[in-house]
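Number of protein chains: 2
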Amino acid sequence: MSSEADLVWKALADPTRRAILDLLAKAPLTTGDLCEHFGLARHGGIGRTGVMKHVDVLHRAGLVLFRREGRQRWNYVNAVPIQRVCDRWVSGHVRDLARSANHLKDLAEGKRRPLGSG
Amino acid sequence: MSSEADLVWKALADPTRRAILDLLAKAPLTTGDLCEHFGLARHGGIGRTGVMKHVDVLHRAGLVLFRREGRQRWNYVNAVPIQRVCDRWVSGHVRDLARSANHLKDLAEGKRRPLGSG
DNA sequence: AGGACATGTCACCGTATGGTGACATGCCGA
DNA sequence: TCGGCATGTCACCATACGGTGACATGTCCT
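Structure, rendered in structure tokens:
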């Protein structure tokens, strides 16, 4: 298994990876740049290997693309999969906020059968 | 560590948990109902204990609330944290889609310094 | 009371995951 | 050519996580 959406969700689950995306959203960076950002004890200090594994996860999820330039690797963020996941799943639930709120109201009122349930 | 947003992301990372939220979005269910849904080999067949652990993760993330009714437990979805996370993070990146696309165009064109980088 | 049922808890297991250090590759410049 | 730097890869470790079976609690019904 593990569809593309799955890879995106898994990739987004880690705060370090989300921070990487935040950085890359401001500007493309080389792997070394990213390592500096996280190695300076900013986020607890992760080594190069760790950062690269995170970037690799993001890359396999399609969230990060890169381009080789000599011995450097420029990493780019690709927000399209995020938007796709948001469209296909998140907004579905957010759209149900009203209904959800209704359920929660039933919850607060302690109804026996919270739905019409017919 | 592990802020509320973190818990939400972690909770959303698992496809089974997202499926649980999908079910609960349609209608509140008891734990037993959920177990039946996943135990009938529908999603590979997860036992009661496994389902309850998932529901517990969702509950600790604030995505599922519940109400006791006798020996039953009615589980309710709460989409508010999803919306919050979406607002604070996802939409930020989706908003940058244009800029992101610009970067990617630079990538495709093989520019040396993809940004103005000044 | 007593049994059946729904739920909750516990110890445990295999694997995935985050993280590391050591080493290999490859490109640039002297 | 040769050294140095940025990157990539490998083996390895500790822990978190998904999942299970066995057992405990509590509630409903007879």
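Protein chains in written order, with the numbering used here: chain D, 1 to 118; chain L, 1001 to 1118.
For each residue, glycine too, the CB sits at the ideal point set by N, CA and C.
{"query": "What residue does the alpha helix (DSSP H) around D:Trp74 start on, and which one ends it?", "result": "It is not in any alpha helix (DSSP H) - D:Trp74 instead sits in the beta strand (DSSP E) that spans Gln72 to Val77."}
{"query": "Taking 8 Å as the threshold (beta carbon to beta carbon), is D:Val77 in contact with chain L?", "result": "yes"}
{"query": "Verify the CB distance criterion: does D:Ile145 have a CB-CB separation below 8 Å to chain L?", "result": "The structure shown does not extend to residue 145 of chain D, since chain D is modelled only from 1 to 118, so the question has no answer here."}
{"query": "Taking C-beta to C-beta, are L:Val1057 and L:Leu1034 nearer than 8 Å?", "result": "no"}
{"query": "Can you find a C-beta in chain L that's less than 8 Å from the C-beta of D:His59?", "result": "no"}
{"query": "Examine chain D for any beta-carbon lying closer than 8 Å to the beta-carbon of L:Val1051, and answer yes or no.", "result": "no"}
{"query": "Just the Cα atoms here: how many angstroms apart are D:Val80 and L:Arg1071?", "result": "46 Å"}
{"query": "Under the DSSP definition of a beta bridge, which residues are partnered with L:Glu952?", "result": "As shown, chain L starts at 1001 and ends at 1118. That puts residue 952 of chain L outside it, with no answer to give."}
{"query": "Taking the beta carbon of D:Gly118 as the centre, do at least 16 other beta carbons fall within 10 Å, making it buried, or is it exposed?", "result": "Low local confidence applies: a pLDDT of 27 at D:Gly118 is under 50, so the model's placement there is unreliable, and no value is given."}
{"query": "Would D:Leu7 count as contacting chain L if we go by Cβ distances under 8 Å?", "result": "no"}
{"query": "Suppose the cutoff is 7 Å on Cβ atoms and the five residues either side in sequence are ignored; what does the same chain contact list for D:Leu12 look like?", "result": "Arg18"}
{"query": "Leaving out the 5 sequence neighbours to the left and right, which residues in its chain are closer than 6 Å to L:Leu1065 when beta-carbon positions are compared?", "result": "Tyr1076 and Asn1078"}
{"query": "In the DSSP assignment, what residue or residues form a beta bridge with D:Leu29?", "result": "D:Asn75"}
{"query": "With 8 Å as the threshold, decide whether the Cβ of L:His1093 is near any Cβ in chain D.", "result": "yes"}
{"query": "What distance in whole Å lies between the Cβ atoms of D:Ser100 and L:Ala1025, which are believed to be in contact at a cut-off of 8 Å?", "result": "7 Å"}
{"query": "So, are the CB atoms of D:Ile20 and L:Val1094 less than 8 Å apart?", "result": "no"}
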